[in-house]
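Working notes for the structure below.
Protein chains: 2
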Amino acid sequence: LRRLKDYGNDKMLLTVRWENGTLILIDQTKLPTRLVYVKYNKYQDVANAIKSLIVRGAPAIGVAAAFGLCLAAFQSKAKSTSGLISDLKVAYARLKSTRPTAVNLAWALDIIMKKATEGTSVDQIRNEILDRSLRMANDDIAINKRIGQNGAQLISKNEVILTHCNAGSLATVGYGTALGVIRAAKDDGKRIQVIATETRPVMQGSRLTAFELTHDGIDVRLIPDTAVGHIMYQDTISRVIVGADRVLKTGHVFNKIGTYQIAALARRHSIPFYVAAPISTFDSKSKLDDIVIEQRDRNEVIKIGNKIIAPQDVKVLNPAFDITPPELITGIITEKCVLKAPYKTNIHKLLNSNR
Amino acid sequence: LRRLKDYGNDKMLLTVRWENGTLILIDQTKLPTRLVYVKYNKYQDVANAIKSLIVRGAPAIGVAAAFGLCLAAFQSKAKSTSGLISDLKVAYARLKSTRPTAVNLAWALDIIMKKATEGTSVDQIRNEILDRSLRMANDDIAINKRIGQNGAQLISKNEVILTHCNAGSLATVGYGTALGVIRAAKDDGKRIQVIATETRPVMQGSRLTAFELTHDGIDVRLIPDTAVGHIMYQDTISRVIVGADRVLKTGHVFNKIGTYQIAALARRHSIPFYVAAPISTFDSKSKLDDIVIEQRDRNEVIKIGNKIIAPQDVKVLNPAFDITPPELITGIITEKCVLKAPYKTNIHKLLNSNR
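The listed protein sequences correspond, in order, to chains A and B. The first sequence begins at 1 in the working numbering and counts up by one. The second sequence begins at 1001 in the working numbering and counts up by one.
In structure tokens:
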């Protein structure tokens, strides 16, 4: 029996799990109405699961793909290391093609392939890459727990925390980043109420965050994205915590569309605005202008399910993410420390100490 | 043949129309997929239409209800004025009960009932209240046209104007308030592009504004409510124009949820923020604390059509409207003038000159 370490909370949602030679994923397309775990024994099915958003969230996808390569190693009938590597390369290409823009996916697959090429026998390769994948999964949770602890120290006894999108268990292997901070604060005995924005157009707030927090017995209220300003105006919110897709060395944060306007509104109302992100999210190379903001499918805006909610020929702007400038960010919570301004200097120090 | 005056544009959507003794409404529940006109010959059916949101928008509801009373007068078999008034009182109560919080509904019905009680014969009452209702409908469009002209003077040759919710033809008898300004600017030969927010939770932006502007050949792009800040950050928007549910004598504007945060973001980006509202929207009596912000049905947030998009037992905050303080408002466009700060003084002057 090979399984993830138990992190002391049996009820914690584990989005990606390895058990008895099988990969188990939560089928996120069934949420919030049903919590369904699906077993995978073939890497091809894992590739389909990533492509069809059964599993989503950068860290979760990376680890799922790593386990996908493990399944490919066990599926392979190769008798030689070169035969096995050859089979793994086919699986690698297939898995990598599922979400071409996901940085974590390539990162995770490259680590596993590198490990595989170092092996000296078929069995050793199988064992080594499975161990490395299990470590990757455990590391993800461990990092999130440290982010949680670092963030929880900032939080007072009674707080109402607003979060956007889903930076929770369901975006990671488990525990989450922004929601990890909330879990850790609650575990410290603090009374936390969460306000979750529904996060149009893909509704990760309604479908995932509201589900995940309800599941864990954390007090959550769902609001339309249009109500953020009003609820801040009513003096309801004590803090904002969100995740990040990418943090530049200048401290500019790329995250789900809607993050920037929440940060701007928080500033207007003097509400602390925090980003929770592992160091793996920091991009020390790209400049602000290097990043192209992807336009997503117009159908996300004009349809919900099969229901058409706008004229089918109307023009749509559907940017996937936005940029929150460092001057709006009170702090960035990482597994090492809570970064504060001046971000350029402090991010530089953190990334260098981390090498 | 009794019909509304033609305002020079045959293609203009007329939300409420009287033709050949019949009330004709656009069935807004069928939008944006189908443009369906429904004929009404009985006041009871008009009451049902108001209740079921076939017609919505305060000015549109008021005028529809007035015509409902006209239908009741023609339906009545009474031979005496007292018999007719008695029948009209039944219809009045039925029509008024459909949307108890709509101020315009009671206002319009009271005007028609007062007119009815002044009549001296059954036929005279019928004619008088129909004339008064037709005048009310014409006045609504005429006021909107004047708002449009006053607003259009503010607008430059090329502008990208963001609007929220639907303050258009479909909320009024025709032409609209905020969208009336855009129509008037376009008729002046200016090149106007509109950005329409989808306006969760009820999606008046997607369903109505996007439809109405597409129908009229006005350039419109639809965005999720989460994209407002990002699109302002990209320096795309030259002006914001919204409608109003109620304007207090202090200049505080009550309008659809999401208006306040757009105003706050506009201020951050130095974008002029205008409200377009007829003088009938001004409330000279209420104080800020008098107004209770209604919480609407949670199902608006957790369901779209029959599709469940959030855990069914999750707590929801669904405020119907919000408050934009006068310091965020560049101007309020009325049929008489464009009000500027200091609002308290200038609103006082306007309302007194209007008596």
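Here a beta-carbon is modelled for each residue, glycine too, at the ideal position from N, C-alpha and C.
Selection of the region 247-263 of chain A by Cβ proximity to chain B, strictly under 7 Å:
I257, G258, Y260 and Q261
Considering only the beta carbon of each residue, do H1269 (chain B) and G1205 (chain B) sit closer than 8 Å?
Not in contact: H1269 (chain B) and G1205 (chain B) (Cβ atoms no closer than 8 Å).
Output, in chain order, the set of chain B residues within a Cβ distance shorter than 7 Å of F211 (chain A).
P1311
In the region 1324-1338 of chain B, which residues sit with their C-beta less than 7 Å from some C-beta in chain A, listed in chain order?
none
Give, in chain order, every unbroken run of the beta strand (DSSP E) that is at least 3 residues long and sits entirely within the region 1154-1192 of chain B.
1158-1163
Leaving aside the five residues before and after E1159 (chain B) along the sequence, list all residues of the same chain whose C-beta is less than 8 Å from its C-beta, in chain order.
A1185, K1190, R1191, I1192, Q1193, S1238 and R1239
In the DSSP assignment, the alpha helix (DSSP H) including A1058 (chain B) goes from what residue to what residue?
A1058 to Q1075
Excluding sequence positions up to five away, which residues of its chain have a Cβ less than 7 Å from the Cβ of A210 (chain A)?
P32, A196, V220 and L222
Sequence-distant residues of the same chain with beta carbon closer than 7 Å to V149 (chain A), five excluded per side:
It is worth fixing the name first, because residue 149 (chain A) is Gln in this sequence and not Val. The residues are A184.
Could you tell me whether the Cβ of S429 (chain A) comes closer than 8 Å to any Cβ of chain B?
Residue 429 (chain A) lies beyond the range of chain A shown here (1 to 355); nothing can be said about it.
Residues of its chain near K1086 (chain B), where Cβ-Cβ distance is below 8 Å and the 5 sequence neighbours each way are ignored:
Before going further, note that residue 1086 (chain B) is Ser rather than Lys in the sequence given. These residues qualify, in order along the chain: A1078.
Please return the same chain residues whose Cβ sits closer than 7 Å to the Cβ of G1062 (chain B), not counting the five positions on each side in sequence.
Correct list, in chain order: N1104, L1105, W1107 and A1108.
With three or more C-beta pairs closer than 8 Å as the rule, is the region 20-37 of chain A touching the region 48-57 of chain A?
Yes, the region 48-57 of chain A is in contact with the region 20-37 of chain A.
Per-residue DSSP class, three states only, for P1326 (chain B)
helix
For N255 (chain A), three-class secondary structure by DSSP:
strand
Compute the distance between the beta-carbons of A276 (chain A) and I147 (chain A), then report whether it is under 8 Å.
It is a contact, given that the beta carbons lie within the stated cut-off.
Give the secondary structure of I332 (chain A) by DSSP, where H, G and I count as helix, E and B as strand, and everything else as coil.
strand
Given a threshold of 16 other Cβ atoms within 10 Å of its Cβ, counted over all protein chains shown, does H1348 (chain B) qualify as buried or as exposed?
exposed
Comparing C-alpha positions only, which one of B:R1099, B:S1133 and B:T1098 sits nearest to K1114 (chain B)?
B:S1133
P1059 (chain B) vs D1131 (chain B) beta-carbon contact at 8 Å:
no
Decide if I304 (chain A) is buried, meaning its Cβ has at least 16 other Cβ atoms within 10 Å, or exposed.
buried
I need the boundaries of the alpha helix (DSSP H) containing L1088 (chain B), first residue and last residue.
T1081 to K1096
I want to verify the contact list: residues of chain A whose CB lies under 7 Å from the CB of D1225 (chain B), in sequence order.
Identification of chain A residues near D1225 (chain B) by a Cβ-Cβ cut-off of 7 Å yields R200, D225 and T226, ordered along the chain.
Residues from the region 8-37 of chain A in contact with chain D, defined by Cβ distance under 8 Å:
Going by chain labels, chain D is absent from the structure shown, which instead holds the protein chains A and B.
Count the CB pairs spanning the region 1028-1044 of chain B and the region 1066-1075 of chain B that are closer than 8 Å, and state whether there are at least three.
yes
Chain B beta carbons: is any one of them nearer than 8 Å to that of Y343 (chain A)?
no
Straight-line CA distance for N1166 (chain B) to R1099 (chain B)?
19 Å
Listed by chain order, chain A residues near T1214 (chain B) by CB distance under 8 Å:
P311, D313 and V314
Pairwise C-alpha distance: I161 (chain A) and A227 (chain A)
15 Å
Within 10 Å of its beta-carbon, does R1056 (chain B) have 16 or more other beta-carbons around it, so buried, or fewer, so exposed?
buried
Closer than 8 Å by beta-carbon distance: list the chain A residues that pair up with L1088 (chain B), in chain order.
Going along chain A, no residue has its Cβ under 8 Å from L1088 (chain B), so there is no contact; the nearest lies around 39 Å.
Within chain A, partners of P1319 (chain B) - CB distance below 7 Å
A227 and H230
Let me see if you follow: with CB-CB separation under 8 Å, is R135 (chain A) close to chain B or not?
no
Name, please, each residue of chain A whose Cβ falls closer than 8 Å to the Cβ of V1301 (chain B).
E198, S206, L222, I223 and P224
Check distances from the C-beta atoms of the region 268-289 of chain A to those of chain B and list, in chain order, the residues that come in under 8 Å.
Listed by position along the chain: R268.
Quick check: is the beta carbon of G1168 (chain B) nearer than 8 Å to any beta carbon in chain A?
Not one chain A Cβ lies under 8 Å of G1168 (chain B).
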